[in-house]
Amino acid sequence: MTDMQQPSLRVAHLVKQYANADKPVLNDISFEVPHGKVFVIVGPSGSGKSTLLRTIAGLEPIQGGTISLNGEVIETGRPGTESAGRSKRSSALRTRVGMVFQSYDLFPNKTVLGNITLAPTLVQKRDKTEVEKEAVALLERVGLVDRKDSWPHELSGGQRQRVAICRALILHPEVLLFDEVTAALDPEMVREVLDVMLELADQGQTMLIVTHEMQFARAIADQVILLEDGGIVEQSDDAERFFTHPRTERARQFLRTFE
Ligand code: ADP
Ligand code: MG
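Taking full-length UniProt numbering, the leading residue of the sequence shown gets 1, the next gets one more, and so forth.
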């Protein structure tokens with residue numbers, strides 16, 4: 001059950017260090033994403049944005065702090081897990097956070113429909129007919145229902161990303177993570193993917209978005225953080241204010257590079 005008193009996602013004092021690194025790539029990161037809000041993370045390349053999303057998605061163990069969903073701790077930092085690869089989180093718990101990546105990572109040997117229905121039937125053991133019905137409805141929402149029997153290689157980058165979004169949505173994630181999902185797209189395909197994300201935001205999907213599209217970030221964000229060197233440089237509950245009147249000189253500098 002969703003407890004509206006609790007934030008949807010809470011990251012507290014998160015520490016992440018990779019094996020063989022002499023210092024953490026994320027150090028004491030804390031923030032909360034309220035239900036139905038859009039939280040945007042910006043920051044220079046190498047600042048730790050992808051690593052942060054991967055720890056929240058359960059793809060990387062953490063060495064300190066906690067990650068909670070609806071007030072329930074789903075991940076606790078354990079020193080000594082630097083080279084452990086994946087977190088120990090169960091697959092059921094992992095499906096509560098959805099993620100869409102920069103590179104189109106569709107299964108090449110599955111059709112569009114096959115890509116979307118694989119996890120719900122295999123991991124969640126849901127009824128195949130019911131799952132396919134929902135997949136078709138999702139494809140309708142992103143304007144791709146006529147491509148349901150296509151193979152990934154027959155699609156444009158923008159179409160593949162929209163399929164990847166459907167594949168994440170069908171698991172009904174409490175939080176959906178987006179890691180620079182338009183960065184590898186040709187410019188004319190960026191809009192169609194961003195429009196789908198704007199629509200999800202309107203419908204109240206809780207989202208955590210990493211993006212370099214500052215216009216888009218400003219349009220979609222409720223709250224924002226600027227990450228640099230694995231630490232939060234500026235955090236704002238009022239995204240519009242961050243983009244128009246950043247408090248720190250560093251944020252001003254960062255935003256200026258996009259003008
Ligand atoms: P961003 O997404 O902001 O560009 P990343 O999270 O990809 O940043 O990377 C942050 C830092 O962690 C970089 O210095 C990068 O080289 C390092 N890093 C990323 N992934 C790994 C990994 N699997 N093993 C070791 N170091 C990594
Ligand atoms: Mg990245």
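Where is the CB? At the ideal position from N, CA and C, for every residue including glycine.
Remark: C-beta atoms of V193 and T182 approach each other more closely than 8 angstroms. In terms of CA proximity to R167, P120 leads the group R218, P120, S45. By the CB criterion at 8 angstroms, V100 and F178 fall inside the cutoff. Relative to the ligand ADP, the nearest heavy atom lies less than 7 angstroms away from the CB of K49. Closest in alpha carbon position to K88, among E60, S150, R126, F258, is E60. Shown here, H245 sits in coil according to DSSP, grouped into three states, outside any helix or strand.
Counting only the Cα atoms, T129 lies some 20 angstroms from P173. Contact between I170 and L138 is confirmed by a C-beta separation of about 6 angstroms, below the 8 angstroms threshold.
A distance below 7 angstroms between beta-carbons, with the five flanking residues on each side excluded, links S156 to the following residues of its chain, in chain order: M189.
When the beta-carbon positions are compared, S150 and T111 come within less than 8 angstroms of each other.
Within the same chain, A119, V123, Q124, L171, P173 come within 8 angstroms of T95 by CB-CB distance, once the 5 residues on both sides are set aside.
The ligand ADP approaches A21 closely enough that one of its heavy atoms is under 7 angstroms from the residue's Cβ. Taking one beta carbon from each stretch, the region 72-90 and the region 206-224 have fewer than 3 pairs nearer than 8 angstroms; the two do not touch. Judged by their CB atoms, E82 and Q63 are nearer to each other than the 8 angstroms cut-off. Looking at the backbone, the Cα of V136 and that of P44 are separated by about 38 angstroms. The beta-carbon distance between G71 and D3, rounded to whole angstroms, is 6 angstroms. This is short enough to meet the 8 angstroms contact definition. A Cβ-Cβ distance of about 24 angstroms is found for the pair P7 and P24, leaving them out of contact under the 8 angstroms criterion. G231 and N27 do touch by the CB rule: their CB atoms are close to 6 angstroms apart, below 8 angstroms.
A distance below 7 angstroms between beta-carbons, with the five flanking residues on each side excluded, links V142 to the following residues of its chain, in chain order: R162, I165, C166, V196. Spatial neighbours of A221 in its own chain (CB-CB distance under 6 angstroms, excluding positions within 5 residues in sequence) are listed in chain order as V38, V40, A239.
Restricting attention to Q159, D127, H153, the CA atom closest to the CA of E140 is found in Q159.
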